[in-house]
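7 is the number of the first residue of the sequence shown in the working numbering; add one for each residue after it. Glycine residues also receive a C-beta, built at the ideal position from the N, C-alpha and C atoms.
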Amino acid sequence: RTKVASQEKGFELLPFLESLIREHGLAKKVATMKQQVLQLGPSHSETIVEVRLENLTLKQLVDFLRKVESSEVLAKTKSLYIKKNLTNPDLLDSVVEIHNPRLAQI
């Protein structure tokens, strides 16, 4: 709870992930990004961003995930789906679900 409460006010998961994607040169690899917010209780919610990446190497995917997990913000990978790309078996397609817990701003 303390970690969640200490998050920077105004932090938004989607813009944070967009900047990481740009930093890692993955902008052209993003097929879709969808954000939703789940209300978990009167004072708790969770922001979820699903990122669908296509035509990337295993190294690109691992580097991106490592950056998410090691960042100062409270963002964690909750779900990861990986498959071989149909047109180029040396590349991967992936769906990553990243979550960020939030406390209601009072």
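Item, Value
"Assigned secondary structure, Glu52 (DSSP; H/G/I helix, E/B strand, else coil)", "strand"
"Proximity below 8 Å, CB of Leu54 to CB of Gln42", "In the sequence as displayed, the identity of residue 54 is Ile instead of Leu. Cβ distance < 8 Å, so Ile54 and Gln42 count as in contact."
"Cross-strand partners of Asp99 (DSSP beta bridge)", "Lys89"
"Member of Leu46, Leu44, Ile88, Leu62 whose CA lies at the smallest distance from the CA of Asn94", "Leu62"
"Residue span of the alpha helix (DSSP H) that contains Val68, given as start and end", "64-76"
"Cβ-Cβ distance between Leu32 and Leu64 below 8 Å", "no"
"Selected residue, minimal CA-CA separation from Leu109, among Leu80, Lys89, Tyr87", "Leu80"
"Rounded straight-line distance, which links the Cα of Lys90 to that of Glu78", "31 Å"
"Own chain, CB closer than 6 Å to Lys40, minus 5 neighbours either side, in chain order", "Glu56"
"Backbone CA spacing between Leu92 and Phe22 [nearest angstrom]", "30 Å"
"Three-state class that DSSP yields for Leu125 in the structure shown", "Any answer about residue 125 is impossible in this case: the structure gives the chain only from 7 up to 112."
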